[in-house]
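If you read the sequence shown in the working numbering, its first letter stands for residue 1, the second for the next number, and so on. Inspection log for the structure reproduced underneath, given as structure tokens.
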Amino acid sequence: MPAAPKWRLVIGCDNAGLQYKEILKADLAKDPRVIEIVDAGVSADEKTAYPHVAVAAAKKVASGAADRALLICGTGLGVAISANKVPGIRAVTAHDSFSVERAVLSNNAQVLCMGQRVVGIELARRLVKEWLGYVFDTSSPSAAKVDAISQYEIIPAPSAEMVIVPVS
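Set out below in structure tokens:
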């Protein structure tokens with residue numbers, strides 16, 4: 001597995017994820033693997049809906065202004081759905097170590113989403129630390145599958161047909 005780089009991160013949440021965002025942001029600021037953290041919102045006095053925050057964060061990743069994003073809402077589901085609307089983004093909701101690992105190593109997911117109402121803060125902290133240590137290997141067998149996912153953004157599959165992509 002390639003060595004982990006120094007990460008440029010975006011972090012964001014809605015009001016249901018604000019407490020965890022602040023705790024995780026403080027942890028990330030102390031992590032030597034993180035060189036930049038951009039806070040996409042929200043703040044305590046702000047009421048921005050999660051789709052706006054998630055898409056703004058995902059656009060930073062898609063544009064290359066950031067390497068990864070961490071998004072928190074009540075369940076982690078809404079922010080993942082929203083972030084995945086940005087072309088080039090692979091966002092996942094993960095609340096366990098195996099899913100976090102496979103999100104990066106098998107799917108090259110750049111956006112990790114969590115639910116403050118689903119996972120305890122100590123587990124969330126551990127998962128974020130683990131997440132920073134994983135790097136997708138572009139020479140792995142999973143690379144062809146990730147490429148297949150990306151192709152659907154360029155040439156959508158016919159709506160009435162099943163497309164079968166050979167797997168090595």
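Where a beta carbon is used, it is the ideal one built from N, C-alpha and C, also for glycine.
For A109, same chain residues with a beta-carbon under 7 Å away, outside a window of 5 residues either side, are R90, A91, V92, A103 in chain order. In its chain, beyond the 5 residues on either side, V92 have a beta carbon closer than 8 Å to the beta carbon of S99. With the rule of 3 Cβ pairs closer than 8 Å, the region 69-85 counts as touching the region 10-22.
Here S106 has S142 as same chain residues with Cβ atoms under 6 Å from its own Cβ, once five neighbours each way along the sequence are excluded.
Excluding five sequence positions before and after E122, none of the CB atoms of its chain fall closer than 7 Å to its own CB.
Closest option to S82, judged by alpha-carbon separation, among S150, I149, C13: C13.
In the three-state reduction of the DSSP assignment, R102 falls in the helix class, which pools H, G and I. Proximity to K60 across T48, N84, S43, D45 peaks at N84, based on C-alpha coordinates. Shown here for A66: same chain residues with a beta carbon closer than 7 Å to its own, the five before and five after excluded, namely R8, L9, V10, V38, K60 in chain order. The continuous beta strand (DSSP E) containing A69 extends over residues 68-73. T138 and E36 have their C-alpha atoms roughly 24 Å apart.
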